[in-house]
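There are 2 protein chains.
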Amino acid sequence: MDDQEWFDRLETAADEPGELFEHFETRSARGLTFQVLSDARHGLDRGTVLVEETGEVVPGYPSIPRILVLDPGVRSFFPDAERIAVEEKLNGFNVRVARVDGEALAFTRGGYVCPYTTARARDLLSPAAFFDDSPDLILCAELIGPETPYTSHDYPDIESDAIRVFDVRERHSGDPLPVERRRELCREYGFEQPPFFGWHDPATAAAAVEDVLADLDADEREGIVMKAPSGARMVKYTTRAQHHNELAFAFSLPYEHGRDFLFSRLVREGFQAAELEDDPERLRQRARELGESILLPMVETIDAIADGETVGEDHTVRGDPERIDALLDHLREFSLTLEILEDRREDGERVLTFRKVSPSTVDRIDYYLDGGVVDE
Amino acid sequence: MDDQEWFDRLETAADEPGELFEHFETRSARGLTFQVLSDARHGLDRGTVLVEETGEVVPGYPSIPRILVLDPGVRSFFPDAERIAVEEKLNGFNVRVARVDGEALAFTRGGYVCPYTTARARDLLSPAAFFDDSPDLILCAELIGPETPYTSHDYPDIESDAIRVFDVRERHSGDPLPVERRRELCREYGFEQPPFFGWHDPATAAAAVEDVLADLDADEREGIVMKAPSGARMVKYTTRAQHHNELAFAFSLPYEHGRDFLFSRLVREGFQAAELEDDPERLRQRARELGESILLPMVETIDAIADGETVGEDHTVRGDPERIDALLDHLREFSLTLEILEDRREDGERVLTFRKVSPSTVDRIDYYLDGGVVDE
Numbered sequence: 011m012d013d014q015e016w017f018d019r020l021e022t023a024a025d026e027p028g029e030l031f032e033h034f035e036t037r038s039a040r041g042l043t044f045q046v047l048s049d050a051r052h053g054l055d056r057g058t059v060l061v062e063e064t065g066e067v068v069p070g071y072p073s074i075p076r077i078l079v080l081d082p083g084v085r086s087f088f089p090d091a092e093r094i095a096v097e098e099k100l101n102g103f104n105v106r107v108a109r110v111d112g113e114a115l116a117f118t119r120g121g122y123v124c125p126y127t128t129a130r131a132r133d134l135l136s137p138a139a140f141f142d143d144s145p146d147l148i149l150c151a152e153l154i155g156p157e158t159p160y161t162s163h164d165y166p167d168i169e170s171d172a173i174r175v176f177d178v179r180e181r182h183s184g185d186p187l188p189v190e191r192r193r194e195l196c197r198e199y200g201f202e203q204p205p206f207f208g209w210h211d212p213a214t215a216a217a218a219v220e221d222v223l224a225d226l227d228a229d230e231r232e233g234i235v236m237k238a239p240s241g242a243r244m245v246k247y248t249t250r251a252q253h254h255n256e257l258a259f260a261f262s263l264p265y266e267h268g269r270d271f272l273f274s275r276l277v278r279e280g281f282q283a284a285e286l287e288d289d290p291e292r293l294r295q296r297a298r299e300l301g302e303s304i305l306l307p308m309v310e311t312i313d314a315i316a317d318g319e320t321v322g323e324d325h326t327v328r329g330d331p332e333r334i335d336a337l338l339d340h341l342r343e344f345s346l347t348l349e350i351l352e353d354r355r356e357d358g359e360r361v362l363t364f365r366k367v368s369p370s371t372v373d374r375i376d377y378y379l380d381g382g383v384v385d386e
Numbered sequence: 011m012d013d014q015e016w017f018d019r020l021e022t023a024a025d026e027p028g029e030l031f032e033h034f035e036t037r038s039a040r041g042l043t044f045q046v047l048s049d050a051r052h053g054l055d056r057g058t059v060l061v062e063e064t065g066e067v068v069p070g071y072p073s074i075p076r077i078l079v080l081d082p083g084v085r086s087f088f089p090d091a092e093r094i095a096v097e098e099k100l101n102g103f104n105v106r107v108a109r110v111d112g113e114a115l116a117f118t119r120g121g122y123v124c125p126y127t128t129a130r131a132r133d134l135l136s137p138a139a140f141f142d143d144s145p146d147l148i149l150c151a152e153l154i155g156p157e158t159p160y161t162s163h164d165y166p167d168i169e170s171d172a173i174r175v176f177d178v179r180e181r182h183s184g185d186p187l188p189v190e191r192r193r194e195l196c197r198e199y200g201f202e203q204p205p206f207f208g209w210h211d212p213a214t215a216a217a218a219v220e221d222v223l224a225d226l227d228a229d230e231r232e233g234i235v236m237k238a239p240s241g242a243r244m245v246k247y248t249t250r251a252q253h254h255n256e257l258a259f260a261f262s263l264p265y266e267h268g269r270d271f272l273f274s275r276l277v278r279e280g281f282q283a284a285e286l287e288d289d290p291e292r293l294r295q296r297a298r299e300l301g302e303s304i305l306l307p308m309v310e311t312i313d314a315i316a317d318g319e320t321v322g323e324d325h326t327v328r329g330d331p332e333r334i335d336a337l338l339d340h341l342r343e344f345s346l347t348l349e350i351l352e353d354r355r356e357d358g359e360r361v362l363t364f365r366k367v368s369p370s371t372v373d374r375i376d377y378y379l380d381g382g383v384v385d386e
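Heads up: the sequence lines are chains W and S, in that order.
By our numbering, the letter at position 225 of the first sequence is numbered 235, and the numbering carries on one by one without gaps.
By our numbering, the letter at position 290 of the second sequence is numbered 300, and the numbering carries on one by one without gaps.
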């Protein structure tokens, strides 16, 4: 397809093809040519993929806005909805599963085909029947569990990994199916979904949601997504546990994250504590735990580097040996430095634990530990 | 003077006048024309001031590099010095006092003449005799105490404000006098100086300095500056109390500071805790206090804004009414929004407490409290 043909099919705010297509980059994978939008532009979401040979589109997944206060945040965000659906926001890796050139592929947020996630999505979802029936839909899913190449949040009853479909979208428009239709469809095809916390009146949802969040927080789970019935309007809100865990992770690799990453999580804590912690002693206790999430992981990392160790993100993956090799090849394309920490066989599968080394953190901390100066 | 004449007199790394002078801006004050360098460039420090009418130079004060670990930081920073001077770093407002067109003026770090600080410097230093004897020297001093228009750190025995001369420099080269010469000269003219913690062998200074810092920390004081005998090479190191106080201040006005301001102070805590807190319980206690420094001031500010209050930096100044008016006029030149909190007479002086309102913090927090979303 030429640019004009693509342009006519896409729901973009750009005035002419050149304005849009200058932002796409060309990548090859699996014998196909993908045009990928690496940032949200002109009304199209980041990770939008156009398949040259087949004319197929995989829409990007939109970023979900966030509120920092529940009341009046929920009400203000849904001024017109009669009711809103509250679902759990899972802490994993967001992928879009679409049939491309006849086979199901899993695309990362940035529009890459991850071979490992693709294989796991096929194993866990068996989506062939779904795509036979609905070739124009894509599945938006979260790969969760302790054994994924990208995240490692623990969930009870998930020993390795699992997948949860949280959205189903039309491939050309990118529009979601209505919440009820999507939940029905997932049940019909046997796709597991995130826990559902019911429908609520937006005017009174904040109080109901507060209870849901208290339970999620106690279980160290991430938070919730609230959606209008159409599925199109959605907003998220996260738990204290999630903020603290993310800060602990970020400060364990302090030079790997943008300053904004750290700041935004600290500010979330501020607004949530101001809204929810009425008791001064609870507030103080929360402040102390926040401090522990920041300082203890940072000191642990500095100590490790002082002892000559490397630091980074550790992940475990499992599968047949070729699949693991394909994953490592895929990760190395991003110029990551990988260290193999453990490589063993278990029940005929290869179980690999590897570290994505964090070079900025190692280098900066080494420099300061050697007496390097900060020029201010 | 024309640019070429200035250029020939300045010790700059620029190749030709235009390269340097494009970075200067012209300001008028007290009937004089000042060419001011607002950022460090071509070997000249930020705040360098050239006085058009008189041909006088006021060199900028260099930024002092910082080490994050004492051992081997101190040793590495002074590989050749036989001994280093350790002096207290005071928490106040850095000004350069120079005689310009016959009268002593106090220049801020950015090269502005502050009328209030100028008047206080004249009152507190009586520098006329010094400048009569040494017209080619400038005094680098810290205005400290609870009553200054810029800082408000408390020191025992300072009820209002005081000034401490921590450096004396040659006005054309910007070079400092040697530490011993400077301390002698200050004694001779009756200028008070920062506390002096002796001369130390750089190879063993880290341990000695650790004890000094423990005392300073217990008294909530800022830290130390270490200098080679010539005064030219210097490096700073700050206390836990200073990091926590600065974080508490910054998180009380979270949208007023760059993300780097917050991050740098958190990282200082990480390195210092890794080096100095050997006991896990002390480390945990420190982490908890860090968390309290972050969350409690932020929640207090959010609560205040929710209650319709403004927030900002509060300062108290004291003096004759014209002096206070001149200060307010000076501050308003920077487009600051000032709120008068208290305005009274005491012993014939005007005592004014005012707030520099922090508009970004008020606006952002208001927006989120009204249910505004964060687009991620």
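Quick reminder that beta carbons are idealized off the backbone N, C-alpha and C, glycines included.
Remember, it's a predicted structure, so these values are computed and weren't measured experimentally.
Looking at C-alpha atoms only, which residue of the options is the closest neighbour of residue i?
i	options	result
A390 of chain W	W:P27, W:V84, W:Y377, W:V361	Given that chain W is displayed from residue 11 to residue 386, the structure contains no residue 390 of chain W and the question cannot be resolved.
T36 of chain S	S:L293, S:Y122, S:P75, S:N101	S:Y122
V383 of chain S	W:S73, W:F206, W:D13, W:E92	W:S73
E310 of chain S	W:I375, W:A284, W:A131, W:I77	W:A284
A138 of chain S	S:I154, S:F201, S:D185	S:F201
T248 of chain W	W:L337, W:E266, W:R106, W:L223	W:L223
L267 of chain S	S:S370, S:F364, S:V96, S:T363	Looking at the sequence itself, residue 267 of chain S is His, so the reference to Leu does not match. The option with the nearest alpha carbon to H267 of chain S is S:S370.
A151 of chain S	S:F141, S:P204, S:D164, S:E194	S:P204
R275 of chain S	S:Q295, S:Q252, S:L286, S:P264	S:Q252
E194 of chain W	W:H210, W:L379, W:D177	W:D177
E323 of chain W	W:E299, W:G301, W:E349, W:D339	W:E349
A297 of chain S	W:E169, W:G301, W:A314, W:V110	W:G301
Which residues in the same chain have their Cβ closer than 6 Å to the Cβ of residue i, if we skip the five residues on either side of it in sequence?
i	result
A108 of chain W	V68, I148
A39 of chain S	V123
F207 of chain W	V96, V222
A258 of chain S	S303, P307
G65 of chain S	M11
Who are the near neighbours of residue i in its chain, counting only those whose CB is closer than 8 Å to its CB and skipping five residues on each side?
i	result
E188 of chain W	One detail in the question is off: residue 188 of chain W reads as Pro in this sequence, not Glu. The residues are P239, S240, G241.
Shorter than 7 Å from the beta carbon of residue i to some beta carbon of chain W?
i	result
S262 of chain S	no
G53 of chain S	no
A50 of chain S	no
Y378 of chain S	yes
A283 of chain S	yes
L47 of chain S	no
I234 of chain S	no
Under 7 Å Cβ to Cβ from residue i, same chain only, skipping five residues before and after it: list those, please.
i	result
E180 of chain S	D146, L147
S162 of chain W	P156, H325
Count the other C-beta atoms from every protein chain shown that fall within 10 angstroms of the C-beta of residue i, then say buried if there are 16 or more, exposed otherwise.
i	result
H182 of chain W	exposed
Y160 of chain W	buried
T127 of chain W	buried
Q14 of chain S	exposed
R278 of chain W	buried
T43 of chain S	exposed
E256 of chain W	buried
S136 of chain S	exposed
R174 of chain S	buried
R328 of chain S	buried
For chain S, find out if any of its Cβ atoms is closer than 7 Å to the Cβ of residue i; answer yes or no.
i	result
V309 of chain W	yes
A466 of chain W	Outside the shown range of chain W, which is 11 to 386, sits residue 466 of chain W, and nothing can be said about it.
D270 of chain W	yes
E180 of chain W	no
P89 of chain W	no
L337 of chain W	no
P290 of chain W	no
R298 of chain W	yes
V383 of chain W	yes
Kindly examine the ligand MN and report whether one of its heavy atoms sits closer than 6 Å to the Cβ of residue i.
i	result
D357 of chain W	Within the structure as shown, the ligand MN is missing, as the structure has no ligands at all.
Entirely enclosed alpha helix (DSSP H) segments - the region 125-152 of chain W, minimum 4 residues:
125-135, 138-143
What alpha helix (DSSP H) runs, 4 residues minimum, are completely inside the region 263-318 of chain S?
269-286, 290-316
What beta strand (DSSP E) runs, 3 residues minimum, are completely inside the region 16-58 of chain W?
34-39, 42-47
Segments of 3+ residues assigned as beta strand (DSSP E) that fall wholly inside the region 215-245 of chain S
233-237
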